[in-house]
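In the numbering used here, the protein residues as written are 1233 to 1372.
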């Protein structure tokens, strides 16, 4: 589940399916500021399941957050994952915040390069560097 690194910074340690889709649903709920988990009409929610991701904070912190996604545990992205990443980026940037992807394996990095998304997202080699970048950019 996504965790508050500090106020205004959300950190998520990602892993392969099925956890990846559940994590994305929890991230969207936090980004949208939904206390109910939401996501009924979104492609990352699973029909017939509880709308709240298992273990999700029942009262997520409100307000915009910077987002750090650690892909160290992810070996594959499908088109739904890519679409979700683009939606996350849009939500974060609409609120004037930043999203940094880090810890990408070669397989995932190659997929982002082939699709041209390496020019859209911000990348750092590891979680600590990504967190430091956000803190420096924000003047914290």
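Cβ atoms here follow ideal geometry from the backbone N, Cα and C, with glycine treated the same way.
Proximity to residue i [Cα-Cα], best of the options
| i | options | result |
| --- | --- | --- |
| residue 1349 | 1258, 1321, 1366 and 1299 | 1321 |
| residue 1316 | 1304, 1371 and 1257 | 1257 |
| residue 1331 | 1265, 1345, 1366 and 1371 | 1366 |
| residue 1310 | 1238, 1328 and 1343 | 1343 |
Alpha carbon of residue i to alpha carbon of residue j, nearest angstrom
| i | j | result |
| --- | --- | --- |
| residue 1234 | residue 1296 | 14 Å |
| residue 1299 | residue 1339 | 22 Å |
| residue 1253 | residue 1357 | 23 Å |
| residue 1269 | residue 1260 | Residue confidence is low: residue 1269 scores 40 on pLDDT, short of 50, so the model does not pin down where it sits. No coordinate-derived value is stated. |
| residue 1306 | residue 1246 | 6 Å |
| residue 1325 | residue 1240 | 14 Å |
Any chain C beta carbon closer than 8 Å to residue i
| i | result |
| --- | --- |
| residue 1364 | As a matter of chain content, chain C is missing from the structure shown, which is built from one protein chain. |
Sheet register partners of residue i (DSSP bridge)
| i | result |
| --- | --- |
| residue 1235 | 1243 |
| residue 1328 | For residue 1328, which the question treats as bridged, DSSP gives no partner whatsoever. |
| residue 1356 | 1334 |
| residue 1302 | 1245 and 1334 |
Short Cβ contact (8 Å threshold) for residue i with residue j
| i | j | result |
| --- | --- | --- |
| residue 1333 | residue 1347 | no |
| residue 1302 | residue 1359 | yes |
| residue 1336 | residue 1264 | no |
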